[in-house]
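Undergrad: A single structure is presented below for examination.
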Amino acid sequence: MIFRILSKKDITDSVILLNQYLSFGLAKKESLERHIGNNSALVCEVDGKVVGFALALQIEKIEEELLNHHDMISKLPFDKELSIFKQIVVDKGYRNKGIADKLVKSIISRLQNRRIFALAWKKPVDYCIERILVNNGFKEIMIKEFFWYEDSLLNNYGCPYCGGACKCPAVLFLK
Ligand SMILES: CC(C)(COP(=O)(O)OP(=O)(O)OC[C@H]1O[C@@H](n2cnc3c(N)ncnc32)[C@H](O)[C@@H]1OP(=O)(O)O)[C@@H](O)C(=O)NCCC(=O)NCCS
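So the sequence shown is residues 29 to 203, counted in the working numbering.
Listed below in structure tokens is the structure:
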């Protein structure tokens, strides 16, 4: 099992992984390619195959990350170095072996203990990163009901769990 920075040869596998389990077809090669060589874009490789992917980014527009939920924005420190955990996914056949935990730990150390926040999708049981975050020193800051609701109406996407406009809560974590 190898943990390393995302490189060009990982792009196809990583896009498939993301679309299969997390991004519901919205992950694109072009957008992932922007993160090649990024210190906080990591993959886990087993037998030449990418089985895990995680991405954290420095925040550019916090309003966009938090979909203009100002009560959430005000809970975060004003810090130019603030980063966000954007995506983490592990292939179903490789789960519960600590891969996600190692990806998170590695990103935290590569970001040299800069402040990082993460949004966890509360509802679906299979999409649970709360424990991984808490195990790695993140603290729950607030829960926001209907976090994606207005955005899903505006951008016309359906939630795979709600079956329409998304009513799932999101949990804001900060480290
Ligand atoms: C969430 C996900 C990344 C976990 O990957 P993983 O490699 O199996 O996780 P790990 O083995 O590192 O588990 C780390 C900790 O999280 C816990 N955990 C893992 N999956 C969990 C789940 N579905 N529900 C509750 N806890 C879970 C483990 O028990 C472990 O805690 P412990 O060490 O205290 O026992 C993986 O299930 C996945 O890819 N899901 C689909 C994509 C996704 O949901 N991404 C996050 C979006 S918010």
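Backbone N, C-alpha and C define an ideal beta-carbon position, used for all residues, glycine too. This structure is a prediction, so every number in the text was calculated from the model and none was measured.
Drop a sphere of 10 angstroms on the beta-carbon of D119, count the other beta-carbons inside from all chains shown, and report buried for 16 or more, exposed for fewer.
TA: Reading the sequence shown from its first residue, position 91 is the one you call residue 119. It is buried - the Cβ of D119 has at least 16 other Cβ atoms within 10 Å.
Undergrad: Rounded to a whole number of angstroms, what is the C-alpha to C-alpha distance between I101 and F166?
TA: Locating residue 101 in the sequence shown gives position 73, counting from the first residue. Locating residue 166 in the sequence shown gives position 138, counting from the first residue. Approximately 17 Å between the Cα atoms of the pair.
Undergrad: Which stretch, first to last residue, makes up the beta strand (DSSP E) that contains R32?
TA: Counted from its first residue, the sequence shown places residue 32 at position 4. Unbroken beta strand (DSSP E) run through R32: 30-33.
Undergrad: DSSP state of I171, grouped into three classes?
TA: Here residue 171 corresponds to residue number 143 of the sequence shown, with the count starting at 1. The answer is strand: DSSP assigns I171 an E or B state.
Undergrad: So the alpha helix (DSSP H) E93 belongs to, where does it begin and stop?
TA: To locate residue 93, count along the sequence shown from 1; it is residue 65. Looking at the DSSP string, the run of the alpha helix (DSSP H) that includes E93 is 90-93.
Undergrad: Note down the Cα distance separating S134 from V71, rounded to an integer number of angstroms.
TA: For this step, residue 134 is matched to residue 106 along the sequence shown. For this step, residue 71 is matched to residue 43 along the sequence shown. When rounded, the distance between both Cα atoms is 10 Å.
Undergrad: Is there at least one non-hydrogen atom of ligand 1 closer than 6 Å to the beta-carbon of D41?
TA: Residue 41 sits at position 13 when you count from the first residue of the sequence shown. No.
Undergrad: Can you give the Cα-Cα distance for E158 and K36, rounded to whole angstroms?
TA: Position 130 of the sequence shown holds residue 158. Position 8 of the sequence shown holds residue 36. Spanning the two alpha carbons is a distance of roughly 30 Å.
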